[in-house]
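Numbering (the working numbering), first residue to last: 5 to 96.
Backbone N, C-alpha and C fix where the C-beta goes; we use that ideal spot for every residue, glycine too.
Predicted model, so just to flag it, every value in this text is computed and none were measured.
Structure first, commentary second.
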């Protein structure tokens, strides 16, 4: 699926370049294609919060400490009143 997406993006870029006159001095239009980290129908792999929680729960279910595999992470849901925000401030 990722390879297909890359090919589609390349085709879009090529067709836009063919339809526009490209100035040799100005290559800014070559970088108009947006690329982002997203996998179709894979919310739990492409969403940072979901991935964090799934990895944490997996390690806990195996009786292991998830922080041996995960970087320091603070998931803040409720702004400055969230307990995780207070942990973040204490850490940094």
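- Item | Test item: CB-CB of residue 47 and residue 79 under 8 angstroms | In this structure, residue 47 sits away from residue 79, with a CB-CB distance that is not shorter than 8 angstroms.
- Task: Would you kindly work out how many angstroms separate the C-alpha atoms of residue 1 and residue 73, rounded to a whole number?
- Result: Any answer about residue 1 is impossible in this case: the structure gives the chain only from 5 up to 96.
- Task: Would you grab the beta carbon distance between residue 105 and residue 59 for me? Rounded to a whole angstrom, and I think it's under 8 angstroms.
- Result: Lying before the first or after the last residue shown, residue 105 is absent from the chain, which here runs from 5 to 96.
- Query: With C-beta atoms as the reference, is residue 83 less than 8 angstroms away from residue 89?
  - Reply: It is a contact, given that the beta carbons lie within the stated cut-off.
- Item | Euclidean distance between Cα positions of residue 52 and residue 86 | Computed Cα separation, rounded: 18 angstroms.
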